[in-house]
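Participant: Residue numbers (the working numbering): 6 to 482. Sharing a structure with you now.
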Amino acid sequence: MVSIPKESKPIPTPALVGILTCVMVVSWAVQTFAMKMEFSPSLYISEDYTDNHFQTDTDKREEFYTTYGVGLSLGFLERTGQAVLSYSPEFKDYKNNYESDGWEHNASFAGNLNPSKQVAVDFSFNYDGHGDDNQGDTWQHGAYVGTAIQVTRHTDLTLSGDYTKSYDRQVRTGEWKESEDTSITTKVTHQFGEMNSLDLGYTYSFDNYADLDSDEYESHEPSAFISFWFTPQWGFDSNISFESRTYEIDEDEKIYTGDIRLIKKITRHFDTYVKYKHTRTNRDSGDESVYNPSVGFDWSITEDSGLSLGLGYLIQEWDTETDSGLFVDLDAFKTFDFSRRGTLTLSASSGYDASSDDAASLGFNVYYQAGFLYSYEVTKRLSADLDGSYIRDEYTEPDVNRVDNTTNLGLSLSWMPLRWMNIRFSYNFEDYTSDSDTIAEYTENKATMMVTLYPLRTLPAKELISRSDFDKRIFKN
């Protein structure tokens, strides 16, 4: 039996303002333009279990919680654009962590517009419903706006802004922290010739934490890219960038990066290349240089699938020491259709760069990741998914020298006994290890059973998953 608190949590003011704004914009749009509307309500209840709610290695705590929710989705389709407005209030009832009991109001608004042949706009706004920071419960609010403008026949301008506010387990320390990430990017692309192009870009970003943190920084990064073909078979491309990072606590750094590739086209979809990449980082405490010559090939299967594989030698040089070894530069994505019932999607990549926002102060990072998703349609109304991933992060700075490994394995079954009912069971295993003494290792088993009612639903059509959606699902990034 659910015990509803005497005073339920009100909708936070920013969320309420956002919801009302969306409603007013949508109402105006519907009255002004002849839009087609589609309303999709749903009702759901789920039971979740975890054997390590706080993701620790010593004080493991089980947790059960039940979620009761309503989903309201309103879609709009017009000749020059489309949008979806969603609102989902839900109540969560925890067995042990009862101070987290309460209402959550989830809302989102996303779509795209083409006001003219030369202008395209994409946007998304998401409120995750959480108002408090409770260890073990992740949340993320976000907003994105992107605009592409065709300035001339051969020149395009893109502008984008991305904002997230989240509460999650920090990579560097393993502690649960609240942070805000903001990124603003502009890029000009000029096409000169059938295969030649020039890009000029600039990105401004900053990362703020609720409490002062070593990973808090501000960044300015101009960049350029050129692709030029001397003949139909021979060409080159090159990237250069400069990033200036100012940290709130740690010392500032300047990162210079450049690479060049000589390319030989073998067929329309297959290229070979010789590449050299160089990175230099300047800090008050000492400089760092990375040298990376390599050879490889690019195989473009479709616009969203292919294989790029390079084998090279990676040399990292600091003021006090040098490290070197073979390095595989990989980027692969492909979906295999074994039959009308089964598909297998594979994704793998490797590389090196400055560490991500929640580990920025750890410096240089070499990463490897691989994942898969196997989907099988057992019957018309019963389907199964099996997925897995492995991520290895090597933080190679001399004063860090840390390796993290994350393994995930998941299984889910989805059954539609009725056209308007879906029953879904899912299980996920996660194992995190690190050779650092500053962060706790953990393993976690999670299971969920959810029943959803769709009064107006028809059987969903089978869709191919995109690279970005796949990586977000499998690698949680």
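Don't be surprised by glycine CBs; every beta carbon is placed ideally from N, CA and C.
#1: Quick check on the burial criterion: 16 or more other C-beta atoms within 10 angstroms. Buried or exposed for Met42?
#2: Going by DSSP, what residue range makes up the beta strand (DSSP E) through Phe128?
#3: For the beta strand (DSSP E) that contains Lys269, what are its first and last residues?
#4: Compute the Euclidean distance between the alpha carbons of Asp336 and Ser417, then round it to the nearest angstrom.
#5: Which class does Ile479 belong to by DSSP, given the choice of helix, strand or coil?
#6: For Glu180 and Ser113, what's the separation of their Cα atoms in angstroms?
#7: Measuring only the C-alpha atoms, how far is Leu423 from Ser45?
#8: Hey, how far is the Cα of Asn413 from the Cα of Lys451?
#9: Taking its Cβ as the centre, do 16 or more other Cβ atoms sit within 10 Å of Gly368, making it buried, or is it exposed?
#10: Under 8 Å: do the region 79-90 and the region 100-119 share three or more Cβ pairs, one atom per stretch?
#11: Compare the Cα-Cα distances from Gly198 to each of Asp324, Ile231 and Tyr214 and report the closest residue.
#12: Please report how far the alpha carbon of Ser78 lies from the alpha carbon of Ile154, in whole angstroms.
#13: In angstroms, rounded to a whole number, what distance separates the CA positions of Ile428 and Trp420?
#14: Can you tell me the Cβ-Cβ gap for Phe475 and Leu378, rounded? I've got them flagged as a contact below 8 Å.
#15: Starting from Thr443, trace the beta strand (DSSP E) in both directions and tell me its first and last residue.
#16: Which class does Pro15 belong to by DSSP, given the choice of helix, strand or coil?
#17: To which residues of the same chain is Asp440 closer than 7 Å at the C-beta, ignoring the five residues directly before and after it?
#18: Answer with buried or exposed for Leu319, where buried requires no fewer than 16 other C-beta atoms within 10 angstroms of its C-beta.
#19: Name the DSSP beta bridge partners of Asn111, please?
#20: Can you give me the C-alpha to C-alpha distance between Ser202 and Tyr149, rounded to a whole angstrom?
#21: Check the C-beta distance from Tyr70 over to Tyr99 and give it rounded, since I have them as a contact under 8 Å.
#22: Of all the options Asp216, Arg397 and Thr191, which has the alpha carbon lying nearest to the alpha carbon of Leu205?
#23: Excluding sequence positions up to five away, which residues of its chain have a Cβ less than 6 Å from the Cβ of Thr262?
#24: Does any heavy atom of the ligand GDP sit closer than 7 Å to the C-beta of Gly347?
#25: With a CB to CB cut of under 6 Å and the five nearest residues on each side skipped, what residues in its chain are close to Ala125?
#26: I want to see whether chain C comes within less than 8 Å of Asp309, judged by CB atoms only; does it?
#27: So, helix, strand or coil for Arg472, using DSSP?
#28: Quick check for students: name the residue ranges of the alpha helix (DSSP H) that lie wholly in the region 134-182, counting only runs of 4 or more.
#29: Quick check on DSSP: helix, strand or coil for Ser310?
#30: Which word fits Tyr400, buried or exposed, when buried means at least 16 other C-beta atoms lie within 10 angstroms of its C-beta?
#31: Which value, in whole angstroms, describes the spacing of the CA atoms of Ser129 and Ser329?
Facilitator: Walking through what the data contain:
#1: exposed
#2: Val124 to Tyr132
#3: Glu258 to Lys270
#4: 27 Å
#5: helix
#6: 28 Å
#7: 17 Å
#8: 11 Å
#9: buried
#10: yes
#11: Ile231
#12: 30 Å
#13: 5 Å
#14: 7 Å
#15: Neither: Thr443 is in no beta strand (DSSP E) and is coded neither H nor E.
#16: Only weak support is given to the placement of Pro15: the predicted model assigns it a pLDDT of 43, under 50, and the value that follows is read from those uncertain coordinates. The answer is coil: DSSP assigns Pro15 none of H, G, I, E or B.
#17: Arg407 and Val408
#18: buried
#19: Ser93
#20: 27 Å
#21: 4 Å
#22: Thr191
#23: Ser246 and Thr284
#24: Judged by which ligands are present, the structure shown has none, so any question about the ligand GDP falls away.
#25: Asn119 and Ala153
#26: The structure shown contains no chain C, having only a single protein chain.
#27: helix
#28: none
#29: strand
#30: buried
#31: 43 Å
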